[in-house]
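What follows is a short report on a single structure.
Protein chains: 2
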Amino acid sequence: MSIIRKIFSNSRSPEDGIFFTDIQKILGFKPLNLECYRRAFTHRSSNKLDSNGNAVNYERLEFLGDAMLSSVIAAYLFKEVPSGDEGYLTKMRSKIVSREHLNELGRDLNLISFIESKVPTQHFGENIHGNIFEALVGAIYLDKGYTYCEKFIQKRVVKPYVDIAKLEGKVISYKSLLIEWCQKEKKVFHYDVFEDNGISGERFFGVKLSIDKKVIAKARATSKKKAEEIASKRAYFAFQQKIDNK
Amino acid sequence: MSIIRKIFSNSRSPEDGIFFTDIQKILGFKPLNLECYRRAFTHRSSNKLDSNGNAVNYERLEFLGDAMLSSVIAAYLFKEVPSGDEGYLTKMRSKIVSREHLNELGRDLNLISFIESKVPTQHFGENIHGNIFEALVGAIYLDKGYTYCEKFIQKRVVKPYVDIAKLEGKVISYKSLLIEWCQKEKKVFHYDVFEDNGISGERFFGVKLSIDKKVIAKARATSKKKAEEIASKRAYFAFQQKIDNK
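One line per chain: the protein sequences are E and B, in this order. Residue numbers are given in the UniProt record's numbering: position 206 of the first sequence equals residue 206, and the series is strictly consecutive. Residue numbers are given in the UniProt record's numbering: position 153 of the second sequence equals residue 153, and the series is strictly consecutive.
Below, the structure is given as C-alpha cells:
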C-alpha cells in the first residue's frame, strides 16, 4: 500500500482485502498485522530489505515457527499421553513435526499459491511447503501471540493429523478398521469420491462416506486415498464407542 | 499432605508453607499448584507412582521445560536481533540453552537443595542442575501457562545471563571493559567481595562495585569471578551511554 493511499484512506487496498480474506480462511481468525503474513510468503529471491537494510523474507519466521510448533506439540503430548516417558514424547513429537509431515500440511493448505518470489514456483523443492507452513506459524506468533499460535496448531496440525494410536503404529489404516467393522456388523458402506479443484486450481479430492445410506463423514485432501482415510478416521471416532464395545 | 489433614484444614501444612515460600522466592510469583513443583524436584529413584500407575518424577517435565525454553529464547532472539538470519538465531539459541549454561542456572539457584531422591545428591553428575532447571520451567508452564513461563525465563535466564555481544564473542569480559574505562576516565574503582553462605549452606560470593566511592552495582554468584563479572556488566549497562559517547 503506497504512503499516499495510507494517508488518504484507512481502509485496505483491494489486493490487501483479498489477501486478508484468504489468510483469515486459513487461520480461522482475523489477522491484525498483514505485514507479518506477507513476510511469511516472501521468498529470499525477492531481495526485499526493510528500512534498516535487513532482509525481508520468510527464513527468520521459519525459525520462530519451528520453535512454536515444537513447544505447542510438546505441551499437547505431555497432557495427552500421561504414561509416555521423555523418550516417547520426544519420538512422537519428531513424527508430528517431521519435514514430510510439515510439507504435507503446507501443501494441503496450498500455501505456495501466496508466494512472492523471483524463482518460478515449479523450481522449488518439496520442502518449500513445510518451510512456509513454519513461517506462517511464526507470523501468527508475531501478529497475535502464543495463544493464537496454539489455537492454529490445534486446528491445523493436531486435530486433522495427529493420531497417537496411528503414530505408534497401532492403527495402520482407519479405512481398513472401518471396513472390517462394517462387514462384521453387516452394514453397507460406500465411499463417494469426487474431484474438486477449489478456487486455486490445485487438485483436491472430496470424499463422502456413507454407512447404511447415511452420510457419516466428509473429508477433503490432496489425494483420493488421503481423503478416504480422513473420512474413515472421522467416522471411526464418531462410532468409536460402538466399535470398542463390540 | 495426608487426606485427613486435607479434609480438616484448608491451609497448607508447615512443610508445604516452607516449600511455597522457597519456590515463590525463586519464581518471583506465587505458585498455584505446589504438586507441579514437587514433581520438578522428584528424582526417578524415589519410585513414585500416581493413582494410574504412571511414574511421578521430573523427567517428563524436563521435556516440557526444554521446549518452553527453546521457544521463549527463539522469540526473544527474533525480536532482539532483527539483523540475524536463521543460522545466526539457531546458533545463538544453542549457546543460551547449552547444557553447560543450564547447569550453571540450576546451580546458581541451588535447585538441588529441593531434590527428593533415594540417591545421595553427591552421586549425581553435573547435569542434574540443568535437568531440574528445565523441569522447573516445565512445572511453571503446567501451573501458570506460557506467559509466566516467559516471565520466569526473562528474569532468570535472559536478564542476568544473556548478552548478545558476549555470546558473539565481541565482548570477552565486562570487568576488563569497565576497568579500562575507569582508568581512562581517572575514576577510582573497587570490588568489595564477601563470602555469603545464604540459607542453604552453599557457598556464594557477593560483590559490591564502587566507582569513586559510590556503590554502582551489586551481584551474587557461585564464584568470586562470576559475581565480579555480573556486577561489572550491570555497571557497564548503567554507564553505557557515557562509555559509548567517549
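Think of the CB as a built atom: it goes at the ideal place given N, C-alpha and C, for glycine as much as any other residue.
Interface flag, residue i vs chain B, CB-CB below 8 Å
i             : result
Pro160/E      : no
Ile4/E        : Residue placement at Ile4/E is flagged as unreliable, the pLDDT there being 49, under the threshold of 50; a coordinate-derived value is accordingly withheld.
Arg156/E      : no
Asp16/E       : no
Ser117/E      : no
Thr90/E       : yes
Arg60/E       : yes
Phe63/E       : yes
residue 247/E : In this structure chain E extends from 1 to 246, so residue 247/E is not present and cannot be described.
Asn131/E      : no
Asn127/E      : no
Asn52/E       : yes
residue 264/E : With chain E covering only 1 through 246, there is no way to say anything about residue 264/E.
Span of the alpha helix (DSSP H), counted from its first residue to its last, around residue i
i        : result
Val56/E  : Careful: Val56/E lies outside any alpha helix (DSSP H) and carries neither H nor E.
Thr90/E  : 86 to 96
Pro31/E  : Run containing Pro31/E: none; DSSP gives neither H nor E here.
Lys186/E : That residue, Lys186/E, is in no alpha helix (DSSP H); it is neither H nor E in DSSP.
Lys166/B : 164 to 167
Val137/E : 127 to 144
Counterpart residues of residue i in DSSP-defined beta bridges
i        : result
Val193/B : Val207/B
Thr42/E  : Glu116/E
Leu111/B : DSSP lists no partner for Leu111/B.
Leu49/B  : Ala55/B
Option in the options with minimal Cα separation from residue i
i             : options                                : result
Arg195/E      : Phe63/E, Gly145/E, Lys226/E, Gly206/E  : Looking at the sequence itself, residue 195/E is Glu, so the reference to Arg does not match. Measuring from the Cα of Glu195/E, the nearest candidate turns out to be Gly206/E.
Val193/B      : Leu27/B, Ser232/B, Leu209/B, Leu102/B  : Leu209/B
Pro120/B      : His43/B, Met92/B, Arg60/B, Val56/B     : His43/B
Ala231/E      : Lys184/E, Lys187/E, Lys118/E, Ile179/E : Ile179/E
Cys36/B       : Tyr161/B, Ala139/B, Tyr148/B, Pro160/B : Ala139/B
Phe19/B       : Val72/B, Leu111/B, Val97/B             : Leu111/B
Leu77/E       : Thr147/E, Arg60/E, Ile96/E             : Ile96/E
Arg99/B       : Met92/B, Asn47/B, Phe29/B, Glu126/B    : Glu126/B
Pro160/B      : Asp108/B, Lys25/B, Ile115/B            : Asp108/B
Ile23/B       : Val137/B, Asp212/B, Val188/B           : Val137/B
Lys144/B      : Phe239/B, Lys30/B, Asn47/B, Asp16/B    : Lys30/B
Gly130/E      : Tyr58/E, Ala219/E, Lys226/E, Met92/E   : Tyr58/E
Val81/B       : Val72/E, Ala221/E, Ala55/E, Ile164/E   : Ala55/E
Leu142/B      : Ala74/B, Lys233/B, Met68/B             : Met68/B
Arg93/B       : Glu62/B, Val158/B, Phe133/B, Glu116/B  : Val158/B
Leu27/E       : Glu134/E, Arg156/E, Tyr191/E, Leu177/E : Arg156/E
residue 249/E : Leu167/E, Ile211/E, Arg12/E            : The requested residue 249/E does not occur in the structure, where chain E is confined to residues 1 to 246.
Leu61/B       : Asp66/E, Tyr191/E, Asp16/E, Ser71/E    : Ser71/E
Ala75/B       : Arg203/E, Ala74/E, Ala217/E, Tyr146/E  : Tyr146/E
Val49/E       : Ser83/B, Phe41/B, Tyr191/B             : Reading the sequence as shown, one finds Leu at residue 49/E and not Val. With distances taken between Cα atoms, Leu49/E lies closest to Ser83/B.
Arg38/B       : Glu150/B, Asp66/B, Ser117/B            : Ser117/B
Thr222/B      : Asn103/B, Ala238/B, Ile164/B           : Asn103/B
Tyr88/E       : Ile73/B, Phe63/B, Tyr88/B              : Phe63/B
Phe204/B      : Ile132/B, Ala135/B, Leu167/B, Arg220/B : Arg220/B
Lys91/B       : Ser45/B, Ser46/B, Leu167/B             : Leu167/B
Glu134/B      : Leu34/E, Glu86/E, Ser51/E              : Glu86/E
Cys182/B      : Asp163/B, Ile216/B, Val162/B           : Ile216/B
Lys151/E      : Leu34/E, Ile73/E, Ser51/E              : Ile73/E
Minimum Cβ-Cβ distance from residue i to chain E less than 8 Å
i        : result
Phe237/B : no
Pro82/B  : yes
Met68/B  : yes
Leu102/B : no
Tyr76/B  : no
Glu86/B  : yes
Arg12/B  : no
Tyr191/B : no
N-terminal and C-terminal residue of the beta strand (DSSP E) that residue i is part of
i        : result
Ile216/B : 214 to 221
Any non-hydrogen atom of the ligand NAP within 7 Å of residue i CB
i        : result
Asn110/B : Within the structure as shown, the ligand NAP is missing, as the structure has no ligands at all.
Per-residue contacts from residue i into chain A (C-beta, under 8 Å)
i        : result
Tyr148/B : Structure shown: chain A not included; protein chains present are E and B.
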